[in-house]
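Data first, discussion second: the structure below is written as structure tokens.
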Amino acid sequence: MAMSDRVLPLAHTPERATTETAATKAVLIGIAVLFLAAILFLPLVTVFMEALRKGWGTLFESFGDPDTLAAIRLTLLVAAIAVPFNAVVGLAASWAIAKFEFRGKNLLLTLIDLPFSISPVISGLVYVLLFGAHGWLGPWLQHYNIQIIFAVPGIVLATVLVTFPFVARELIPLMQSQGTSEEETALTLGASGWHTFFRVTLPNVKWALLYGVLLCNARAMGEFGAVSVVSGHIRGLTNTMPLHIEILYNEYNFVGAFAVASLLAGLALLTLLAKSFLEWRFAGELAAAARRH
Amino acid sequence: MAFPPSSLRQPSALPGFGLALGFTLAALGLIVLIPLAALVLRAASIGPAEFLKIASDPRTLAALRLSFGTALLAALINTVFGLLIAWVLVRYRFPGRRMIDAAVDLPFALPTAVAGISMAAIYAPNGPVGAIAQSLGFKIAYTPAGIVVALVFIGLPFVVRTVQPVLEEVETDIEEASALLGAGRLRTVFQVVLPHVHPALLTGFALAFARGVGEYGSVIFIAGNIPLVSEIAPLLIVIKLEEFDYGGATVIAALMLAISFAMLFLINAIQGWSRTKYGNV
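Residue numbers (the working numbering), protein chains in the order written: chain G, 4 to 296; chain X, 34 to 314.
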């Protein structure tokens, strides 16, 4: 090794020993960037290019289609029910799990995570087996004229199942690390239980809650497999945006399919942007930033 | 934590345990556990002869083999490239690093159907990459290769995000020690640094694999869905349901769940073994 006259060899050596040569670095960075460009960026860019293939006019025209508008409305409705529900469950679960010691806690944690390890199609299937025409409760539901499968309630249920763990997973580790001393202080000073929760606990976890809600919402609006099984694909009635993409695509209406897809891709980009902002700005108040996924 | 033998939980000054746990258990039971129990009961109510008949149907076997095979291959590809990407993101500083770091999560945020039609457009014979492949004499879309491509997209963030935080925690002291003791850089990386990352890498592999086995939305557009060739198991469940063959759908779903849980159990066991061998997390 050529020795510089200003740097002692021993002071220099350990530095070099814990990193690679510039050439190796460049090659590794190059491989990583190329791989990500091919696997991630290309599909993302293609969505917008295909949507704009026939110009902005055609793109905006396809948004005016009544079936597309109905799909957008249904997706917003389903997310508006599923996300708040899972946020409340996530708060309740993390309160019980993080603030108390009880038997069976690990089992409960495993069960909350269970929907992540099940195929979305199976998540839809279980509701068909319960509520479908040939399901366990099918005849009873038919007798009372209640429709769950091939209707909005089934879509909501399947979405809730698929997105069940998102908020709880973000909140539990953070609330566990925060402990119970602040709540105990508030109670000692005379605050009621609910008052303590809303004025002490909730402000402490608000950014993690938002983080979980963001991820939960992205999945709720984008869910395809589970919803596909229970929806029945009735245009204008039980078609969410992802399902509408499939219908348009199978009809060879590629511009229409990619137009709806570009809306969801835009939502995905906004989600990533907001997520990165939260990780950068509130890293200390976000268990997720240290642990990621 | 030690518990008094008579009680299920430790005493606490905080209120609301009953309400919070009760609400959680009710939601978990109604949304997740009872519906899953319905699947298990349904599978159990099918006689063993009928179960075996559906399970040994060539179309069922081909679909299961395809789903698990492509998910395995995609997870292996993601293990290699996910480790490389995590390494580059943690160890090197270069322009655009933050943006690339954020972009790794794209498959978590982009709906699977959107990714599916987009990849079908790219890898179809008339798409930009598909055309190149065509001129070289092979097809990607509408073959099992297309399924692997889709599953690589879906699974990549699982590996990167599991390995990244562990790699960040590896102290450079051990690398300095290794270098001072005379090891070359390559040897230091493979024998000193990477053993710390093995358990996380295995977890990332398992997560990517589990997700790939069940994946539906991104795959069906690019797969071509030819029975016995490129028809994945989740799609076969959907087809059985559309034919009102609840028994067939249930058996395939039960087999998928059983194989997945068995593999996750095996991976957990390997992880336990690797922990005792390397003595770290």
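Heads up, the beta-carbon is just placed ideally off N, CA and C, and yes, glycines get one too.
Practice problem: Could you give the DSSP three-state label for F105(G): helix, strand or coil? | Solution: By one-based count along the first sequence, residue 105(G) stands at place 102. DSSP places F105(G) in strand when its eight states are reduced to three.
Practice problem: Label K273(X) either buried or exposed according to how many other C-beta atoms from any shown protein chain fall within 10 Å of its C-beta, with 16 as the threshold for buried. | Solution: Translated into the one-based positions of the second sequence, residue 273(X) becomes position 240. Result: buried.
Exercise. Give the DSSP-derived three-state secondary structure of T22(G) in the structure shown.
Key: Start at 1 with the first residue of the first sequence, and residue 22(G) comes out as number 19. Collapsing the DSSP output to three states places T22(G) in coil.
Self-check item: Supposed contact pair A183(X) and M132(X) - C-beta distance, whole angstroms, cut 8 Å
Solution: Taking the first residue of the second sequence as 1, we reach residue 132(X) at position 99. Taking the first residue of the second sequence as 1, we reach residue 183(X) at position 150. That belief does not hold up - the Cβ atoms of M132(X) and A183(X) are roughly 24 Å apart, past 8 Å.
Quiz item: Do the CB positions of L303(G) and L72(X) come within less than 8 Å of each other?
Solution: In the structure as shown, chain G begins at 4 and stops at 296. Residue 303(G) is therefore absent and cannot be evaluated.
Quiz item: When DSSP labels each residue in this structure, what does R126(X) get in the three-state scheme?
Solution: As a working mapping, residue 126(X) is identified with position 93 in the second sequence. DSSP places R126(X) in coil when its eight states are reduced to three.
Exercise. Would you mind stating whether I292(X) and F101(X) have Cβ atoms separated by less than 8 Å?
Key: Taking the first residue of the second sequence as position 1, residue 292(X) is located at position 259. Taking the first residue of the second sequence as position 1, residue 101(X) is located at position 68. Closer than 8 Å, so yes.
Quiz item: So what's R42(X) in DSSP terms, helix, strand or just coil?
Solution: As a working note, residue 42(X) is residue 9 in the second sequence. Shown here, R42(X) sits in a strand according to DSSP, grouped into three states.
Practice problem: Kindly indicate the opening and closing residues of the alpha helix (DSSP H) around L147(G). | Solution: Stepping through the first sequence from its first residue, residue 147(G) is reached at position 144. The identity of residue 147(G) in the sequence shown is Tyr, whereas the question assumes Leu. Segment: none, Y147(G) is in no alpha helix (DSSP H) and carries neither H nor E.
Practice problem: Closer than 6 Å by C-beta to A101(G): which residues in its own chain qualify, once you throw out the five before and the five after it? Chain order, please. | Solution: Numbered from its first residue, the first sequence carries residue 101(G) at position 98. Spatial neighbours of A101(G) in its own chain (CB-CB distance under 6 Å, excluding positions within 5 residues in sequence) are listed in chain order as I175, M178, Q179.
Quiz item: If we call anything under 8 Å between Cβ atoms a contact, is S40(X) one with T145(X)?
Solution: Residue mapping note: residue 40(X) aligns to position 7 of the second sequence, counting from 1. Residue mapping note: residue 145(X) aligns to position 112 of the second sequence, counting from 1. Against a cut-off of 8 Å, the Cβ pair of T145(X) and S40(X) comes out as no contact.
Quiz item: What do you get for F200(G), buried or exposed, if any count of 16 or more other CB atoms within 10 angstroms of its CB means buried?
Solution: Working through the first sequence from its first residue, we reach residue 200(G) at position 197. So F200(G) ends up on the buried side.
Quiz prompt | Cutoff 8 Å; reference A5(G); Cβ partners in own chain excluding five residues on either side | solution = As a working mapping, residue 5(G) is identified with position 2 in the first sequence. For A5(G), the predicted model reports a pLDDT of 47, less than 50, meaning its position is unreliable and no value from the coordinates is stated.
Practice problem: Starting from the beta carbon of A286(G), find every residue of chain X whose beta carbon is closer than 7 Å, and list them in chain order. | Solution: Start at 1 with the first residue of the first sequence, and residue 286(G) comes out as number 283. Here the premise fails: no neighbours, minimum Cβ distance about 13 Å.
Quiz item: So, do the region 247 to 262 of chain G and the region 87 to 95 of chain G have three or more beta carbon pairs nearer to each other than 8 Å?
Solution: Output reads no: the region 87 to 95 of chain G does not touch the region 247 to 262 of chain G.
Practice problem: State buried or exposed for H247(G), treating a residue as buried only when at least 16 other CB atoms are found within 10 Å of its CB. | Solution: To locate residue 247(G), count along the first sequence from 1; it is residue 244. Burial call: buried.
Quiz item: Distance, Cα to Cα, G8(X) vs A157(X)?
Solution: Residue 8(X) cannot be examined here, being either before or after the span of chain X that is shown, 34 to 314.
Quiz item: Are the beta-carbon atoms belonging to T49(G) and I155(X) less than 8 Å from one another?
Solution: By 1-based counting over the first sequence, the position of residue 49(G) is 46. By 1-based counting over the second sequence, the position of residue 155(X) is 122. Between T49(G) and I155(X), the C-beta gap is smaller than 8 Å, which places the two residues in contact.
Quiz item: Taking all protein chains shown into account, do 16 or more other C-beta atoms lie within 10 angstroms of the C-beta of N148(G), making it buried, or fewer, making it exposed?
Solution: On the first sequence, residue 148(G) is found 145 positions in, with the first residue counted as 1. In this structure N148(G) is exposed. Its beta-carbon is surrounded by fewer than 16 other beta-carbon atoms within 10 angstroms.
Quiz item: For E202(X) and chain G, any beta-carbon pair shorter than 8 Å?
Solution: Translated into the one-based positions of the second sequence, residue 202(X) becomes position 169. No - not a single Cβ of chain G is within 8 Å of the one on E202(X).
Quiz item: Contact check, I158(G) vs V233(G) under 8 Å by CB: the rounded distance?
Solution: Within the first sequence, numbered from 1, the residue matching residue 158(G) stands at position 155. Within the first sequence, numbered from 1, the residue matching residue 233(G) stands at position 230. About 6 Å; that satisfies the 8 Å criterion.
Practice problem: Have a look at S263(X) and R92(X) and give me their C-alpha separation to the nearest angstrom. | Solution: Locating residue 263(X) in the second sequence gives position 230, where the first residue counts as 1. Locating residue 92(X) in the second sequence gives position 59, where the first residue counts as 1. Computed Cα separation, rounded: 11 Å.
Quiz item: In or out: K209(G) buried (at least 16 other Cβ within 10 Å) or exposed?
Solution: The residue you call residue 209(G) lines up with position 206 of the first sequence. It counts as exposed.
Self-check item: Burial state of T24(G) (16 or more Cβ within 10 Å)
Solution: Numbered from its first residue, the first sequence carries residue 24(G) at position 21. Per the 10 Å Cβ criterion, exposed.
Quiz prompt | the ligand SAM heavy atom lying under 7 Å from the CB of A164(X) | solution = Summarising the ligand content, the structure contains no ligands, and the ligand SAM is consequently not present.
Quiz prompt | Exposed unless 16 or more other CB atoms sit within 10 angstroms - verdict on R78(X) | solution = The residue given as residue 78(X) occupies position 45 in the second sequence. Per the sequence shown, the amino acid found at residue 78(X) is Ser instead of Arg. It is exposed - the Cβ of S78(X) has fewer than 16 other Cβ atoms within 10 Å.
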